[in-house]
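Just so you know, full-length UniProt numbering puts the end of the sequence shown at 219, numbered straight through with nothing missing. First the structure, in the form of structure tokens, and then the observations on it.
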Amino acid sequence: MNLPPVTLWLVIANLAIYLLQQLFDAFLTLHFALWPFGERLVRDASDVYTVGFEPFQLVTYGFMHADIAHIALNMLGLVSFGPIVENILGTRRFAIYWFVCLVVAGLAQIAVVAFGGGDFYPTVGASGAVYGLLAAGAMLFPREPLYLMFLPMPIQARTLALVMGGAELFHGVFGTLAGVAHFAHLGGMAGGVALIAYWRIGAQTPRPPRRRPSNRDRW
Numbered sequence: 001m002n003l004p005p006v007t008l009w010l011v012i013a014n015l016a017i018y019l020l021q022q023l024f025d026a027f028l029t030l031h032f033a034l035w036p037f038g039e040r041l042v043r044d045a046s047d048v049y050t051v052g053f054e055p056f057q058l059v060t061y062g063f064m065h066a067d068i069a070h071i072a073l074n075m076l077g078l079v080s081f082g083p084i085v086e087n088i089l090g091t092r093r094f095a096i097y098w099f100v101c102l103v104v105a106g107l108a109q110i111a112v113v114a115f116g117g118g119d120f121y122p123t124v125g126a127s128g129a130v131y132g133l134l135a136a137g138a139m140l141f142p143r144e145p146l147y148l149m150f151l152p153m154p155i156q157a158r159t160l161a162l163v164m165g166g167a168e169l170f171h172g173v174f175g176t177l178a179g180v181a182h183f184a185h186l187g188g189m190a191g192g193v194a195l196i197a198y199w200r201i202g203a204q205t206p207r208p209p210r211r212r213p214s215n216r217d218r219w
């Protein structure tokens, strides 16, 4: 499989950091997972640490994963949808899109914990950005039939996004699937929709014609 550059490097980075987690999981979680606002004391086998939110965690948490199933599903989503979206948006915009979805997903998660009274625990995973790719599919190629290994028939990109988004909203509101950052997934989708809408508006906005410079302009 030939992956476009950003998709390829995202896969490599996620896999490399997951391997590092097998050696330094406690250290990486303490410092680079996404922690809620505020500070708490946590204890590991040898010491006590103060943990809490840091702005850089809005990026670093997206390269860490809880277990092999977690990273496998996220990388499957990335290699399934990333190449299509990257080929449409282009390399630069795809990179921007991925990180915007990741950051908005993280902001949604810490907002839910802050205002919803959730437990003080770290969040890891690229799922918010992967859900952003689903949203991109719904906007960029809504009627494109997608063939997924767990479905016996193709499904349109917009239908898949609506089903997955609806499921996340249901689980998030009713708490029927604990241990998953459902609102982070929805945040990633919302961030992606907003960014593509912004790009579309910018592309349709007429720009004033450039004036030829005059002597006064040179002064």
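Glycine included, C-beta positions come from ideal geometry on N, C-alpha and C.
Trp9: buried (16+ other C-beta within 10 angstroms of its C-beta) or exposed? The sequence position of residue 9 within the sequence shown is 9, counting from 1. It is exposed - the Cβ of Trp9 has fewer than 16 other Cβ atoms within 10 Å.
Start-to-end residues for the beta strand (DSSP E) that takes in Val51: The residue you call residue 51 lines up with position 51 of the sequence shown. Its beta strand (DSSP E) spans residues 48-52.
Relative to the C-alpha of Met64, which residue among Leu134, Ala129, Asp119, Asn87 is closest? As a position in the sequence shown, residue 64 is number 64, starting the count at 1. When each option's Cα is compared against that of Met64, the closest is Ala129.
Checking 8 Å against the spacing of the C-beta atoms, do Gly62 and Ala126 come in under that value? For the purposes of this step, residue 62 is identified with residue 62 of the sequence shown, where counting begins at 1. For the purposes of this step, residue 126 is identified with residue 126 of the sequence shown, where counting begins at 1. Yes.
Does the Cβ-Cβ distance between Leu30 and Phe81 come in under 8 Å? What you label residue 30 is simply residue 30 of the sequence shown in a count that begins at 1. What you label residue 81 is simply residue 81 of the sequence shown in a count that begins at 1. No, these two residues do not count as a Cβ contact at 8 Å.
Given a cut-off of 8 Å, decide if Phe99 and residue 235 are closer than it, judged by their beta-carbon atoms. In the structure as shown, the chain starts at 1 and stops at 219, and residue 235 therefore has no counterpart that could be examined.
State the Cα-Cα distance for the pair Leu140 and Val85, rounded to the nearest angstrom. The residue given as residue 140 occupies position 140 in the sequence shown. The residue given as residue 85 occupies position 85 in the sequence shown. One C-alpha to the other measures close to 8 Å.
Of the listed residues Gly192, Pro122, Glu168, Asn74, nearest to Cys101 (C-alpha basis): In the sequence shown, the residue the question calls residue 101 occupies position 101. Out of Gly192, Pro122, Glu168, Asn74, Gly192 has the C-alpha closest to the C-alpha of Cys101.
Taking Cβ positions, are Thr123 and Ala178 nearer each other than 8 Å? Against the sequence shown, residue 123 aligns to sequence position 123. Against the sequence shown, residue 178 aligns to sequence position 178. Between Thr123 and Ala178, the gap from beta carbon to beta carbon reaches 8 Å or more.
According to DSSP, which residues form a beta bridge with residue 227? Outside the shown range of the chain, which is 1 to 219, sits residue 227, and nothing can be said about it.
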